[in-house]
Amino acid sequence: MKRITIPITLRVQGPILTKSSSTGALGLDAVMARRKFETETGGVATHYYLPGRLVKGLVLEAWQELSTIDAAYSRLASEWLGNASPRESDDRPVRGRLAFGDFADRRTDAEAESAPRYRIAVDEVRETAAGQMMQMMESPYGSGQLVDFEGEARFVAADGEEPEGIRSALERGLLWIEAVGGTRTSGFGQLIEAKVGAATTQPAMFEASPNTPAWDLRLRFREPVVFSKRRIADNLFESGEIIPGGALRGAVAEMAGREPTAFPELLDELHAIRFSHAFPAERGGARPRQWPLSLLDFSETDVVDVVRRATPYVRTAPGAEREAIAGKFDIDWKDEVRKNVEHDYGWPKLEWELRVRTGIDSAKRKAEDERLFAWKMLLPYGIEWIARVDVSRVSNAARQQLEGLLRFGLEPLGKTKALGEATPTAAEPVTAGEGPYVVTLQTPALLIDPGRRLAPGGKNGSAREEDLEHEYQEVWRELSDGSLRLANYFQRCTLAGGQYFQRRFLGKEAQYKPYLLSSEGSTFLLEPTPGKESEARACLDGWLRSGLPLSRSVRTFYGIPDEPKIQWAHCPYVPENGYGEIAVNDRSYPEE
Numbered sequence: 047m048k049r050i051t052i053p054i055t056l057r058v059q060g061p062i063l064t065k066s067s068s069t070g071a072l073g074l075d076a077v078m079a080r081r082k083f084e085t086e087t088g089g090v091a092t093h094y095y096l097p098g099r100l101v102k103g104l105v106l107e108a109w110q111e112l113s114t115i116d117a118a119y120s121r122l123a124s125e126w127l128g129n130a131s132p133r134e135s136d137d138r139p140v141r142g143r144l145a146f147g148d149f150a151d152r153r154t155d156a157e158a159e160s161a162p163r164y165r166i167a168v169d170e171v172r173e174t175a176a177g178q179m180m181q182m183m184e185s186p187y188g189s190g191q192l193v194d195f196e197g198e199a200r201f202v203a204a205d206g207e208e209p210e211g212i213r214s215a216l217e218r219g220l221l222w223i224e225a226v227g228g229t230r231t232s233g234f235g236q237l238i239e240a241k242v243g244a245a246t247t248q249p250a251m252f253e254a255s256p257n258t259p260a261w262d263l264r265l266r267f268r269e270p271v272v273f274s275k276r277r278i279a280d281n282l283f284e285s286g287e288i289i290p291g292g293a294l295r296g297a298v299a300e301m302a303g304r305e306p307t308a309f310p311e312l313l314d315e316l317h318a319i320r321f322s323h324a325f326p327a328e329r330g331g332a333r334p335r336q337w338p339l340s341l342l343d344f345s346e347t348d349v350v351d352v353v354r355r356a357t358p359y360v361r362t363a364p365g366a367e368r369e370a371i372a373g374k375f376d377i378d379w380k381d382e383v384r385k386n387v388e389h390d391y392g393w394p395k396l397e398w399e400l401r402v403r404t405g406i407d408s409a410k411r412k413a414e415d416e417r418l419f420a421w422k423m424l425l426p427y428g429i430e431w432i433a434r435v436d437v438s439r440v441s442n443a444a445r446q447q448l449e450g451l452l453r454f455g456l457e458p459l460g461k462t463k464a465l466g467e468a469t470p471t472a473a474e475p476v477t478a479g480e481g482p483y484v485v486t487l488q489t490p491a492l493l494i495d496p497g498r499r500l501a502p503g504g505k506n507g508s509a510r511e512e513d514l515e516h517e518y519q520e521v522w523r524e525l526s527d528g529s530l531r532l533a534n535y536f537q538r539c540t541l542a543g544g545q546y547f548q549r550r551f552l553g554k555e556a557q558y559k560p561y562l563l564s565s566e567g568s569t570f571l572l573e574p575t576p577g578k579e580s581e582a583r584a585c586l587d588g589w590l591r592s593g594l595p596l597s598r599s600v601r602t603f604y605g606i607p608d609e610p611k612i613q614w615a616h617c618p619y620v621p622e623n624g625y626g627e628i629a630v631n632d633r634s635y636p637e638e
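Start counting the sequence shown at 47; every next residue gets the next number (this note's numbering).
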């Protein structure tokens with residue numbers, strides 16, 4: 047396996063405008079896109095740029111036009127640039143193999159002020175200036191000025207696959223492009239020259255794997271990223287802070303599937319490898335932890351953990367003899383309290399960038415109707431993502447192949463098909479210690495069987511508080527084979543699912559059941575059953591290593607097969623995808 051990188055330089059003649067979604071100086075209606083780029087020395091510099099997705103779209107447009115004289119370009123577009131999933135399909139992705147990074151102008155000072163450029167709309171009937179239709183644009187490039195935008199395209203190939211064919215097709219497509227950026231039909235951004243350099247090859251290296259049952263995996267990115275998160279609107283894709291373990295597993299599967307003969311053991315045993323979610327941390331720092339929902343706030347500097355209390359907890363207000371005050375749980379925290387708690391649990395401060403985009407009608411060369419959408423991208427500078435990989439149940443051959451893939455770099459990740467520079471190191475073992483045990487979910491977990499107690503009963507057919515308590519008592523008794531019992535808990539539940547899960551995992555004809563997940567931060571005080579202390583500790587040690595398993599009752603309710611090797615194909619919330627991760631007796635605040 048190898049990664050092919052093709053350097054590209056686009057020489058563009060000014061004026062040039064690629065609109066930014068950010069605001070500029072007072073009075074500017076259109077701002078030239080600029081962003082931070084990581085330098086070779088690890089620093090950060092701001093440059094003007096052409097989005098890689100813009101260049102990819104122009105290449106697609108060029109290949110579509112060239113396909114009228116050579117049908118091979120139509121096949122190239124489908125394989126290398128991808129297709130949208132057709133309506134009424136199973137929503138399986140049809141990804142292109144070719145990934146484009148942003149193209150940066152590394153010579154112009156993006157921080158310097160530039161004279162604006164003015165445009166005005168003309169009334170088509172009167173042929174005079176239209177009222178209130180003047181536009182003031184940022185114009186860092188003069189008319190006729192030549193500017194080089196440097197970027198690259200990359201893809202993963204099998205060892206016997208040669209890149210020359212795609213390189214020449216890419217060069218022809220780029221040379222077919224007339225102009226780039228906004229207002230190109232008005233003469234802006236004329237493409238003068240496209241230089242496609244010689245492809246460079248990075249082979250996968252297979253070294254002896256560390257002889258440990260688990261690795262700490264650190265991931266770094268050089269481009270803005272968009273990770274999976276529940277969407278609140280159809281045209282807004284907002285990046286989450288966490289990389290799901292299923293995304294890491296999917297990237298490994300896709301890369302290994304490019305050359306299955308080189309990874310036979312890894313592909314056969316991939317179901318037994320557990321990838322935890324990757325949490326963001328400052329580079330070189332420790333992996334953050336999820337705070338428990340049992341935290342109670344009385345002030346910005348007075349937060350306590352009440353998981354061991356069986357009764358409501360209040361305090362007497364300072365300076366008052368009889369006035370009692372109740373604390374606030376995290377749903378009611380003010381920003382300052384939340385920031386302090388996040389800091390104490392190791393969560394770094396993150397930055398985002400908003401990019402607004404639109405689909406383009408290739409025939410009319412204008413924006414398509416109802417195709418406007420936005421990406422709220424996460425900036426990765428100074429940040430790395432840390433996950434844990436459990437390889438205790440696979441062979442040495444599979445372990446060595448996996449390490450080779452990880453050190454090779456993991457892609458595609460997220461909506462931007464990002465390349466993560468991965469470094470696996472031996473992980474320190476974690477044990478539960480002595481009970482009683484405070485178990486805090488670090489990631490959502492599929493624990494509850496909704497059909498057992500929660501669906502029937504109660505007023506108007508709804509479940510009661512005691513029904514949920516009895517359900518959790520049964521959950522922990524079933525998972526621990528009777529060695530643990532529930533003493534107290536603070537929990538939150540969410541529903542997950544929707545049309546995508548219905549199509550992808552169940553099929554149109556199957557009965558649809560949304561997943562009832564116990565949310566991250568849910569906290570449970572568990573006590574060993576008398577006489578089963580050693581079994582309880584062994585059970586918790588196993589959960590710390592492999593995550594909370596799916597109970598038989600949960601598998602039955604959701605129709606999940608008992609065979610672990612195929613569970614991932616029927617349900618995404620399996621422990622091997624990072625769900626059900628726990629922390630035991632992890633405290634940052636005093637208990638009350």
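Ideal Cβ positions, reconstructed from N, Cα and C, are used throughout, including at glycine. Since we're looking at a predicted model, the values are computed, not measured.
(request) Determine the closest residue to His93 out of Leu312, Gly142, Ala203 and Phe149, with distance taken between C-alpha atoms. (result) Phe149
(message) If you reduce the DSSP assignment to three classes, tell me which class Ser564 lands in.
(response) Residue state, collapsed to three classes: strand.
(request) Could you tell me how far apart the beta carbons of Glu305 and Asp205 are, in whole angstroms, since I believe they sit closer than 8 Å? (result) 7 Å
(request) Count the other CB atoms, across all protein chains shown, that sit within 10 Å of the CB of Ala176; report buried if there are 16 or more and exposed otherwise. (result) exposed
(request) Determine the contact status of Gly73 and Met182, defining contact as a CB-CB distance below 7 Å. (result) Taking 7 Å as the cut-off, the Cβ atoms of Gly73 and Met182 count as close.
(message) Quick check for students: name the residue ranges of the beta strand (DSSP E) that lie wholly in the segment 242-279, counting only runs of 3 or more.
(response) 246-249 and 260-266
(request) Kindly list the residues whose CB is nearer than 6 Å to the CB of Ala108, restricted to its own chain and excluding five residues on each side of it in sequence; keep chain order. (result) Gly219, Trp222 and Ile223
(message) Which same chain residues end up closer than 7 Å to Ser66 when comparing Cβ atoms and leaving out the 5 residues on each side of it in sequence?
(response) Val77, Met78, Ala79 and Arg80
(message) Determine whether the beta carbon atoms of Trp393 and Val272 lie at a separation below 7 Å.
(response) no
(message) Taking the straight line between their C-alpha atoms, what separation do you get for Glu311 and Met301?
(response) 14 Å
(message) Rounded to the nearest angstrom, what separates Met423 and Ser438 at their Cα positions?
(response) 35 Å
(message) For a quick check, are the C-beta atoms of Phe146 and Lys82 less than 7 Å apart?
(response) For Phe146 and Lys82, no; Cβs fall outside 7 Å.
(request) Between the Cα of Glu3 and those of Leu456, Leu586 and Asn257, spot the shortest distance and give me the residue it belongs to. (result) With the chain represented from 47 up to 638, any question about residue 3 goes unanswered, as that position is not in the structure.
(request) Using the DSSP secondary-structure output, state which residues sit across from Met423 in a beta bridge. (result) Glu399.
(request) Please go through the same chain and pick out, in chain order, the residues whose beta-carbon is closer than 7 Å to the beta-carbon of Pro53, but skip the five residues on each side of it. (result) Glu198 and Gly243
(request) Give the straight-line distance between the Cα atoms of Asp390 and Leu530, rounded to the nearest whole angstrom. (result) Asp390 and Leu530: Cα-Cα distance of roughly 30 Å.
(message) Quick check on the burial criterion: 16 or more other C-beta atoms within 10 angstroms. Buried or exposed for Asn281?
(response) So Asn281 ends up on the exposed side.
(request) Could you spell out where the alpha helix (DSSP H) holding Thr602 opens and where it closes? (result) Residues Arg598 to Tyr604.
(request) Say whether the segment 446-456 touches the segment 225-241, bearing in mind that this needs 3 or more beta-carbon pairs closer than 8 Å, one atom from each stretch. (result) no
(message) Looking at the strands, I want to know which residues DSSP matches up with Gly466.
(response) Leu456
(message) Across the segment 326-335 and the segment 455-472, are there enough close Cβ pairs to call them in contact, namely three or more that are closer than 8 Å?
(response) no
(request) Between the Cα of Leu525 and those of Ala584, Gly128, Pro426 and Lys380, spot the shortest distance and give me the residue it belongs to. (result) Ala584
(message) Could you check whether Gly544 and Gly593 sit closer than 7 Å to each other, using their CB atoms as the reference points?
(response) no
(message) Tell me which residues share the same chain as Gly188 and place their Cβ nearer than 8 Å to its Cβ, disregarding the 5 neighbours each side in the sequence.
(response) Gly60 and Pro61
(message) To the nearest angstrom, how far is the alpha carbon of Val630 from that of Gln336?
(response) 12 Å
(request) Could you please give me the residues that DSSP links to Tyr483 through a beta bridge? (result) As DSSP reads the structure, Tyr483 sits in a beta bridge with Leu572.
(request) Report the rounded CA-to-CA distance for Ile406 versus Thr569, giving the unit in angstroms. (result) Each residue's Cα considered, the two are about 49 Å apart.
(message) So if DSSP puts Asp415 in a beta bridge, which residue, or which two residues, is it bridged to?
(response) DSSP output for Asp415 lists no bridge partner at all.
(request) Just the C-alpha distance for Thr55 and Asp151, rounded to the nearest angstrom, thanks. (result) It is roughly 10 Å from the alpha-carbon of Thr55 to the alpha-carbon of Asp151.
(request) Pull up the CB-CB distance for Pro290 and Gly624, whole angstroms please, since I reckon it's below 8 Å. (result) Right, their Cβ atoms sit about 6 Å apart.
(message) Can you look up Ile494 in the DSSP assignment and give me helix, strand or coil?
(response) coil
(message) By the DSSP assignment, the alpha helix (DSSP H) with His29 in it spans what residues?
(response) In the structure as shown, the chain starts at 47 and stops at 638, and residue 29 therefore has no counterpart that could be examined.
(request) Using only alpha-carbon positions, find the residue among Asp194, Val350, Leu493 and Val352 that is nearest to Tyr619. (result) Leu493
(message) Once DSSP output is grouped into helix, strand and coil, what is the label at Ile212?
(response) helix
(message) Considering only their Cβ atoms, is the gap separating Leu112 from Tyr119 smaller than 7 Å?
(response) Yes, the Cβ-Cβ distance between Tyr119 and Leu112 is below 7 Å.
(request) Could you check which residue in Pro574, Glu217, Ile238 and Leu144 has the C-alpha nearest to that of Gly190? (result) Ile238
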